[in-house]
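Okay, structure first, notes after.
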Amino acid sequence: MEKIILDNRYEIIEQIGVGGMAKVYKAKDRLLDRFVAIKVLKEQYAEDDEFLKKFNNEAQSAAKLNHVNIVNVYDIGEDLLEGRKIYYIVMEYVEGQTLKDLIDEEGKLSNHDIIDYSVQIAQALKSAHSSGIIHRDIKPQNILIDKFGLAKVTDFGIARVSSNATITYTSSILGTVHYISPEQAKGKIVDEKSDLYSLGAVMYEMATGKVPFDADNSVGIAVMHIQDKAKPAKELNPELSDHLNFIIMKLLEKEPGNRFLNATDLIDSLENQNSFKAQALEETARIPIVVPNKEKKKKKKLKQEETPKSEEAVYVSPTDEEPKDKNKTKSLKIWPLALLALILVGAVYYFMSRPKDDVLEVPTVINLSQEMAVKELEKRGLKANISRTEESDDYDKGKVMKQDPEANTEVKIGTTVNLVISAGREVSVPDLAGLNLTEAEEKLKELGLSIGRTSTEYSDQVEKDLIIDQNPRSATNLQAGSKVDLVISAGPEEKIENIEVPNLIGMSEEQAESLISQYGLVLRNVDYRESEDVEKGNVISQSISEGTQVAPQSQIDLVVSTGKKEKEKDKEENQTGQVKNVDLRLNINNGKDKFNVKIYKLDDNDKRSDILYDQNQTSKDLDESQVLQLNFQAIQNTKFEVLVDDESYGVYTVN
Ligand code: ATP
Ligand code: MG
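Take the sequence shown: its position 421, counting from 1, is numbered 415 in this note's numbering, and each next residue is one higher.
This is the structure we're talking about:
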């Protein structure tokens, strides 16, 4: 099979998916030598101008988003493929699977994984919402999980294009309707809370393996979103933590105001599992117990904010023990039996937990903000100490980059954990003008920077594919890890050079013909006429006058002199009869591109005498019914004969 290369740059490798409005391909970006995913709009949409305009706008705004949990949009393009115009979006290629596939594979996800993915999706929403972009189509199919366990949300804002604010329940969005918010289902204007609802539905599916509402048609499902109450997720998955169940059901509230305030609020709640659990526990018992987080370590290493995932851990700070002790002394006086029971419980507890009673595992606070890290440690009865800041490319400014003791070390309550905070690193943006993209990428990489958005512009000065401009400009200070947008030269704009038509009058027919082709023009028709002043065989006039600016390959007609003779003869003949206009229609059906037509006057003996017409014609001169129309003047009652390519086409009389 022949290779398909879009825009001379993206080499299509294979189809990796198909959705409602597009097909998705894996491709190789030859310019930057990396894999990309290319979403090509289906044909029926490529013909809808209104749709295309919106599609472009939305893709452009999605391209502005830059977050580790959002599939990066690199480029938007159009190209001709087998004569048809195609429109496409070039995106970051995510090697992995969709969250839908993962749920289908695993059924129900663990509490740990639900929190992990939900926080990441919420981070993506937080970033997009802060740029004013609502996703509108949050569903597991639009969440890709890469090989490192990173969740990446795709198709930001695209749903707006296809749904046009009111949802139409067509089969193409059948998959979508399982996750739409009640307000979306009602066709109302949606805001960020609508995305939170959809995330709630996605979390429900992660927790239970089932969507919150299902029916055999999409309208039915939409109506359920509007009026039915979903069965609590915990009923379908008893392993689900109370806190997660609470979060999911809160997100699925019909009334947007009853959901979380925003994505940040949701993230806080997801990350603050312990306080919820501790609070719930206070109501039942107050036992001075420290249960280390036994959760298995996640094998996947996450780059972005790692959240303290310890919904099963219960930590009660030493101060919590006091009221319990007081109660104990009180009851001691009143109930000797209770005392015995307490001693027993105490003894059992003492032997069971003695080696660990004031020991706990240090949580990981790497990648948390300094404030969050301190809170997190103090909540667990540890102390935090900021030992220093250090420059770093890998950790954002203000985030914890090292901790001592390390995560999972067993320490006593009250131990101080020393933290090193990233100062980020400021680098001076290099001058990239004149480099190609590969060179620029290398240069940026050395400094811990990378290429952001690229766009192209025509340039007469800068060679094609080399960088014309950059943002931020060179010598600007930038945090390592940032991106630099580039403008790349598309070479000089192809201007159509006009041709100035030369003078042809007075030249011989051959001279004129060769000059016409030298100038890049095309000779179309040559007419032959008598002339008083122009010698036979020379050009009398030209259809486009000298000095006119015309496009290359413009067609030009000439009139060439046949000398004076005819005119004098006309004069004689004028005396004998009346001059008539002859309209002759010749049915030419010879299938030739070029042919010659001659008309001879016949003398009294029907012999050919003067030539009235002699011209090379082309098939372009014929009308649709292959008829050649000729106009000429002749004296009444003259007989003439028509010849096509020197073969007689009939004899006529002027009347
Ligand atoms: P919809 O048309 O409603 O968005 P969808 O999300 O199922 O439906 P697409 O967005 O067209 O459809 O994506 C189709 C499939 O292509 C996805 O399910 C996924 O498997 C794959 N895919 C999409 N984007 C990427 C990407 N950036 N990297 C890798 N695979 C992708
Ligand atoms: Mg999609």
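Heads up, the beta-carbon is just placed ideally off N, CA and C, and yes, glycines get one too. In this text, all values refer to a predicted model and were calculated from it rather than measured experimentally.
Judged by their CB atoms, residue 590 and residue 620 are not nearer to each other than the 7 Å cut-off. In terms of Cβ geometry, residue 593 and residue 580 do not form a close pair [threshold 7 Å]. Short of 8 Å from the beta carbon of residue 588, and not among the five residues preceding or following it, lie these beta carbons of its own chain, in chain order: 610, 611, 612 and 613. Residues of the same chain with a CB within less than 7 Å of the CB of residue 94, apart from the 5 flanking positions on each side, are 134 and 135 in chain order. DSSP places residue 577 in the strand class (E or B) of the three-state scheme. Residue pairing by DSSP puts residue 74 in a beta bridge opposite 79. Judged by beta-carbon spacing, residue 368 lies beyond the 7 Å limit of residue 394, meaning their Cβ atoms are not closer than that value. Of the residues assessed, residue 130 falls on the buried side of the cut-off, its CB having 16 or more other CB atoms within 10 angstroms. The beta carbon of residue 58 sits closer than 7 Å to those of 125, all from its chain and outside the five residues before and after it, given in chain order. Around the C-beta of residue 374, 16 or more other C-beta atoms lie within 10 Å, and the residue is accordingly described as buried. Sequence-distant Cβ neighbours of residue 519 in its own chain, meaning closer than 6 Å and more than five residues away, are 551.
The beta carbons of residue 461 and residue 445 sit no closer together than 7 Å. The region 499 to 507 and the region 472 to 479 do not touch, with fewer than three beta-carbon pairs separated by less than 8 Å. Boundaries for residue 257: no beta strand (DSSP E) harbours it, while the alpha helix (DSSP H) harbouring it runs 257 to 265, taken from the DSSP string. If you ignore the 5 residues before and after residue 67, its C-beta comes within less than 7 Å of the C-beta of 53, 56, 57, 83 and 85, all in its own chain and listed in chain order. Cβ-Cβ separation between residue 186 and residue 140: approximately 25 Å, too far for a contact (criterion under 8 Å). Apart from the 5 residues on each side of it in sequence, residue 386 sits with its Cβ closer than 8 Å to the Cβ of 395, 416, 417, 418, 419 and 474 in its chain, given in chain order. The C-alpha of residue 453 is placed about 19 Å away from the C-alpha of residue 2. In the three-state reduction of the DSSP assignment, residue 359 falls in the coil class, being assigned neither a helical nor a strand state.
Annotated as distal: residue 32 and residue 16, with beta-carbon spacing of 7 Å or more.
Around the C-beta of residue 30, 16 or more other C-beta atoms lie within 10 Å, and the residue is accordingly described as buried. When secondary structure is reduced to three states using DSSP, residue 474 falls in the coil class, being assigned neither helix nor strand. Cβ atoms of residue 112 and residue 193 come within 8 Å of each other, at about 7 Å.
Here DSSP, grouped into helix, strand and coil, assigns residue 545 to coil.
For residue 403 against residue 377, the beta-carbon gap comes to about 15 Å, at or over 8 Å, which does not count as contact. By the neighbour-count criterion, in which 16 or more other beta carbons inside 10 Å mark a residue as buried, residue 51 falls on the exposed side. Cα atoms of residue 203 and residue 98: separation of roughly 7 Å, rounded to the nearest angstrom.
With the criterion CB distance below 6 Å from any heavy atom of the ligand MG, the matching residues run 13, 135, 136, 148 and 149 along the chain.
Using a cutoff of 6 Å, the CB of residue 16 counts as near the ligand ATP, since one of the ligand's heavy atoms is closer than that. Between residue 263 and residue 242, the CB-CB gap reaches or exceeds 7 Å.
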